[in-house]
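Q: One structure is given below, represented as structure tokens, and several questions about it will come after.
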Amino acid sequence: MTVVSAFLVPGTPLPLLRPDNPPWAPLVAGYQAAGEALRASNPDVLLVYSTQWIAVLDELWQTRAHLTGIHVDENWYEYGDLPFDMQSDVELAEACVAGCKEIGVSAKTVDYDGFPIDTGTIVMNNFLNGDDARPLAIAANNVYHDGETTARLAAMAVETAKAQGKTVALIAVGGLSGTIFRTEIDIAEDHIADATDEEWNREMLRLMESASIEHLKQRAGDYAKAAKVDMGFKHLSWILGGLGDNFDGATVHAYGPVYGSGAAVVEFRPA
Amino acid sequence: MADGEILAGFLAPHPPHLVYGENPPQNEPKSQGGWEQLRWAYERARKSLNDLKPDVLLVHSPHWITQLGHHFLGVPTLSGKSVDPIFPNLFRYDFKLDVDVELAEACCAAAADAGLVAKMMRNPRFRVDYGTITTLHMMRPQWDIPVVGLSANNSPYYLTTEEGLEEMDVLGRATRKAIEQTGRRAVLLASNTLCHYHFHEEPDPPEDMSREHPHDYAGYQWDMRMIDLMRRGETREVFRLLPQFIDEAFAEVKSGAFTWMFAAMGYPEIPGELHGYGTVIGTGNAVMEWNLAKAREVGRAA
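Residue numbers (the working numbering), protein chains in the order written: chain G, 190 to 460; chain W, 133 to 434.
Here's what the structure looks like:
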């Protein structure tokens with residue numbers, strides 16, 4: 190089995206920067222549980238798609254061997270800095286660029302000193318990829334790609350890893366409902382900003398838990414529109430494409446608010 | 133201190149290709165040129181800016197996107213290497229800029245007084261966005277004039293275009309008030325492209341100008357219609373058409389810089405000077421100037 194574990198996780202930095210804030214603490218605990226599950230699955234590489242790494246012209250793949258530095262989020266800079274230290278699986282990422290071309294998607298490598306790594310990838314790596322840090326193959330979110338293309342990219346990447354004899358943890362970094370508070374709040378009182386968003390989030394999480402895959406796919410588009418979901422919920426397509434539209438169920442390790450928006454840590458059980 | 137004034141506003145778009153084409157020492161990638169007509173347009177704008185001798189440049193950039201309110205750079209000096217996340221092959225630029233923190237704080241306070249959520253960015257390790265840096269380089273490559281950097285709150289995308297631009301109008305009026313109260317002689321820079329439809333593949337080399345042209349005729353026609361109105365000083369008509377222009381030409385002015393600048397200037401019905409127009413991977417870019425100082429002189433003489 191190539192995909193040994195799969196996770197959908199939020200990319201907001203707030204739980205990482207304020208782990209003791211009561212409404213965000215469950216997300217921290219969920220992230221920690223997911224990290225333990227990831228380590229137990231013992232993947233060779235983390236195959237990552239983050240909604241916050243925006244691409245426009247091509248599908249970009251990170252091929253800088255060592256990524257290190259201090260990142261400051263453009264929205265939440267007042268809460269602190271985000272140090273990062275990551276290794277790339279350059280061999281896999283380069284093969285994915287070639288694989289993109291084979292499925293008709295224009296793609297490029299990114300190997301530049303000082304390239305701005307997105308907040309979501311850094312947050313995920315800090316939470317999930319601990320002391321025994323494993324290499325990552327990171328794909329950008331091309332804003333012109335739809336869910337179907339995103340799913341094909343993930344499937345291609347998994348096949349490429351398989352051809353290299355590698356096992357992967359499939360990781361999609363992105364949020365749920367996108368309604369946010371547009372004025373300052375007491376973060377200790379944070380909650381999902383919109384009651385309808387709350388219903389939608391919970392329905393989608395139930396569909397994930399029960400592995401109602403066809404229903405999940407049917408509802409995803411309406412959910413994305415109704416609840417202003419981060420990047421049209423393309424991160425779910427990454428998971429489904431990488432799992433071949435097949436999983437046995439999911440565990441929602443955490444669900445909660447982040448400045449009114451929805452966030453969840455979900456672990457999928459590959460079939 | 134009082135009696136500050138806005139000397140001029142410039143529409144000053146930020147394709148990093150223009151920096152790449154110019155080959156300044158700060159930018160690591162080197163080119164064989166390209167996009168000359170736009171770069172020469174900026175040369176004319178630079179001369180005009182030099183003559184104005186402002187105390188400060190204020191730039192509103194669509195690539196510092198904020199969700200919670202309108203933010204202002206608030207650290208006296210910011211420096212680093214700016215790598216464009218979209219075009220890292222073209223733009224890897226070493227920058228250092230001085231911020232007019234006093235004016236930024238006054239703008240922030242005025243925006244808050246006007247009912248907006250407004251915040252000062254105080255983190256010294258903050259990475260200044262490439263839109264701000266490109267616009268500032270193209271306008272003033274000497275980097276010897278202090279800066280106030282404003283974020284683009286995502287309200288035009290999160291709310292309706294009209295609701296979002298209403299916020300930018302309030303922000304612009306607040307900016308003007310702060311400039312007047314602090315006694316600054318200021319120039320405003322709206323870092324916006326016009327028609328924003330673009331090609332999805334980059335030529336090899338990127339500066340191959342035989343491949344550069346408007347993405348589509350309808351977008352080009354929209355750009356010319358709007359520029360013509362601006363050149364004739366028909367500002368009311370420009371803003372009447374703006375939402376339609378944004379919808380039909382996917383115009384980047386949706387992000388708010390253009391409205392912020394005109395609101396700060398009081399929507400003057402004066403002809404804008406077109407320094408030049410050109411496309412970058414198909415997008416429409418105009419470098420334009422509204423010289424309020426000159427208009428005041430003419431008004432006094434008349």
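Beta carbons are placed, not taken as given, at the ideal position from N, Cα and C, and that holds for glycine. From a predicted model like this one, the values you see are computed outputs, not experimental measurements.
Taking CB distances under 8 Å as the criterion, tell me whether residue 383 (chain G) reaches chain W.
A: For the purposes of this step, residue 383 (chain G) is identified with residue 194 of the first sequence, where counting begins at 1. No, no contact with chain W.
Q: Return helix, strand or coil for residue 250 (chain G), following the three-state DSSP convention.
A: For this step, residue 250 (chain G) is matched to residue 61 along the first sequence. Strand at residue 250 (chain G).
Q: Would you kindly work out how many angstroms separate the C-alpha atoms of residue 253 (chain W) and residue 192 (chain W), rounded to a whole number?
A: Locating residue 253 (chain W) in the second sequence gives position 121, counting from the first residue. Locating residue 192 (chain W) in the second sequence gives position 60, counting from the first residue. For residue 253 (chain W) and residue 192 (chain W), the distance between alpha carbons rounds to 14 Å.
Q: Please work out which residues of its chain come closer than 7 Å, Cβ to Cβ, to residue 425 (chain W), disregarding the five sequence neighbours upstream and downstream, and give them in chain order.
A: One-based indexing of the second sequence puts residue 425 (chain W) at position 293. Cβ neighbours of residue 425 (chain W) beyond the five flanking positions: 139, 140 and 184.
Q: Assuming residue 141 (chain G) contacts residue 198 (chain G) under a Cβ cut-off of 8 Å, what Cβ separation, rounded to an integer in Å, is found between them?
A: Since the first residue shown for chain G is 190 and the last is 460, residue 141 (chain G) is missing from the structure and cannot be characterised.
Q: Report yes if the C-beta distance between residue 357 (chain G) and residue 236 (chain G) is below 8 Å; otherwise report no.
A: In the first sequence, the residue the question calls residue 357 (chain G) occupies position 168. In the first sequence, the residue the question calls residue 236 (chain G) occupies position 47. Closer than 8 Å, so yes.
Q: In this structure, what does DSSP give as the bridge partners for residue 392 (chain G)?
A: Within the first sequence, the letter at position 203 stands for residue 392 (chain G). Looking at the DSSP assignment, residue 392 (chain G) forms no beta bridge with any residue, so it has no partner.
Q: Show which residues of chain W have a CB atom less than 8 Å away from the CB atom of residue 230 (chain G).
A: As a working note, residue 230 (chain G) is residue 41 in the first sequence. Result: empty, since nearest Cβ-Cβ is about 31 Å, beyond 8 Å.
Q: Spatial neighbours of residue 271 (chain G) within its chain, please: C-beta separation below 8 Å, excluding the five flanking residues on both sides.
A: Working through the first sequence from its first residue, we reach residue 271 (chain G) at position 82. Excluding residues within five positions, the ones whose Cβ falls inside 8 Å are 202, 205, 206, 259, 260, 261, 262, 308, 311, 312 and 315.
Q: Can you list the residues of chain W that residue 304 (chain G) reaches, using a CB-CB cut of under 8 Å?
A: For the purposes of this step, residue 304 (chain G) is taken as the residue at position 115 of the first sequence. Near residue 304 (chain G) (Cβ distances below 8 Å), the residues of chain W are 215, 217 and 220.
Q: Measure from the C-beta of residue 246 (chain G) to each C-beta in chain W and report whether the shortest distance is under 8 Å.
A: As a first step, residue 246 (chain G) must be located in the first sequence, where it is residue number 57. At least one chain W Cβ lies under 8 Å of residue 246 (chain G).
Q: Which residue marks the beginning of the beta strand (DSSP E) containing residue 437 (chain G), and which one marks its end?
A: As a first step, residue 437 (chain G) must be located in the first sequence, where it is residue number 248. Segment 436-447, the beta strand (DSSP E) holding residue 437 (chain G).
Q: Taking the alpha-carbon of residue 397 (chain G) as reference, which of G:340, G:409 and G:386 has the nearest alpha-carbon?
A: Start at 1 with the first residue of the first sequence, and residue 397 (chain G) comes out as number 208. Among G:340, G:409 and G:386, the Cα nearest to that of residue 397 (chain G) belongs to G:409.
Q: Just verifying my parser: in three-state terms, what is the DSSP assignment at residue 403 (chain G)?
A: Your numbering for residue 403 (chain G) matches position 214 in the first sequence. It is helical.
Q: Count the C-beta pairs between the segment 234-241 of chain W and the segment 305-318 of chain W that are closer than 8 Å, then say yes if the count reaches three, no if not.
A: Yes, they touch.
Q: Could you give the residue range of the alpha helix (DSSP H) that holds residue 203 (chain G)?
A: To locate residue 203 (chain G), count along the first sequence from 1; it is residue 14. Taken as a continuous stretch (DSSP letters only), the alpha helix (DSSP H) holding residue 203 (chain G) covers 203-206.
Q: Relative to the alpha-carbon of residue 344 (chain G), which residue among G:278, G:428 and G:377 has its alpha-carbon at the smallest distance?
A: As a first step, residue 344 (chain G) must be located in the first sequence, where it is residue number 155. Checked all of G:278, G:428 and G:377; the closest Cα to residue 344 (chain G) is G:428.
Q: From residue 198 (chain W) to residue 305 (chain W), what distance separates their C-alpha atoms?
A: Locating residue 198 (chain W) in the second sequence gives position 66, counting from the first residue. Locating residue 305 (chain W) in the second sequence gives position 173, counting from the first residue. The straight-line gap from Cα to Cα measures roughly 20 Å.
Q: Taking only beta-carbon positions, decide if residue 263 (chain G) is within less than 8 Å of chain W.
A: Position 74 of the first sequence holds residue 263 (chain G). With 8 Å as the cut-off, residue 263 (chain G) counts as an interface residue toward chain W.
Q: What are the start and end residues of the beta strand (DSSP E) that includes residue 213 (chain W)?
A: Walking along the second sequence from the start, residue 213 (chain W) turns up at place 81. 209-215 is the extent of the beta strand (DSSP E) around residue 213 (chain W).
Q: How should residue 231 (chain G) be labelled, buried or exposed, when 16 other C-beta atoms within 10 angstroms of its C-beta is the threshold for buried?
A: Within the first sequence, numbered from 1, the residue matching residue 231 (chain G) stands at position 42. Exposed, because fewer than 16 other Cβ atoms sit within 10 Å of the Cβ of residue 231 (chain G).
Q: Helix, strand or coil, according to DSSP, for residue 450 (chain G) in the structure here?
A: The residue labelled residue 450 (chain G) in the question sits at position 261 within the first sequence. Three-state result, residue 450 (chain G): strand.
Q: Do the segment 157-171 of chain W and the segment 438-448 of chain G make contact, defined as three or more Cβ pairs closer than 8 Å?
A: Output reads no: the segment 438-448 of chain G does not touch the segment 157-171 of chain W.
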